[in-house]
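Colleague:
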Amino acid sequence: MSGLRPSTQVDPEIELFVKAGSDGESIGNCPFCQRLFMILWLKGVKFNVTTVDMTRYPHLSPKYKESFDVGCNLFAKFSAYIKNTQKEANKNFEKSLLKEFKRLDDYLNTPLLDEIDPDSAEEPTVSRRLFLD
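Using the UniProt record's numbering, the letters of the sequence shown map in sequence onto residues 1 to 133.
(1) Between the Cα of T51 and those of K19, S127, L104, spot the shortest distance and give me the residue it belongs to.
(2) What is the DSSP secondary structure of K94, counted as helix, strand or coil?
(3) Short of 6 Å in beta carbon distance, which residues of its chain neighbour L130, apart from the five on each side in sequence? Order them along the chain.
(4) Is it buried or exposed, V70, if we count other Cβ atoms within 10 angstroms and call 16 or more buried?
(5) Are the CB atoms of residue 149 and D133 nearer to each other than 7 Å?
(6) What first and last residue would you give for the beta strand (DSSP E) that runs through L40?
(7) Measuring CB to CB, does residue 144 end up less than 7 Å from F78?
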């Protein structure tokens, strides 16, 4: 089994996001963040701390409406498929889940407007992005 792993041990990169203090830079007074910080520190884990100023937090919603809509049913379809106990209904749940995966795959492979160069003579047929938008 030791042949499956590389010989050099690399520490995992852990990024701990914590609530920033009133100055926006120092660690704030969130007990949950401080608990995680102390656990990682006491265990000797190497990690990076990034403070998040709650008055200027990043908005993580997608730019395009289609990006938001394409994955909204995926978890529900997956949950229904996993929780199903009836063999007769399994095909329908599987078909529904695969349909959602196909919808997501088609969207990820279709180039967005940002990826299309209006000056180029070639039309991009496949998207180069690795995420929704």
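Cβ atoms here follow ideal geometry from the backbone N, Cα and C, with glycine treated the same way.
Modeller: Let me spell this out:
(1) Translated into the one-based positions of the sequence shown, residue 51 becomes position 51. Nearest of K19, S127, L104 to T51, Cα basis: K19.
(2) Residue mapping note: residue 94 aligns to position 94 of the sequence shown, counting from 1. At residue 94 the sequence reads Glu, which differs from the Lys that was named. When secondary structure is reduced to three states using DSSP, E94 falls in the helix class.
(3) Taking the first residue of the sequence shown as 1, we reach residue 130 at position 130. Within the same chain, L130 has no close Cβ partners at all.
(4) For this step, residue 70 is matched to residue 70 along the sequence shown. By the Cβ-count criterion, V70 is buried, with 16 or more other Cβ atoms from all chains shown falling within 10 Å of its own Cβ.
(5) Residue 149 lies beyond the residue range present for the chain, which begins at 1 and ends at 133; the question has no answer from this structure.
(6) As a working note, residue 40 is residue 40 in the sequence shown. Premise fails: L40 lies in the alpha helix (DSSP H), 31 to 42, not in any beta strand (DSSP E).
(7) The structure shown has nothing for residue 144, since the chain only spans 1 to 133.
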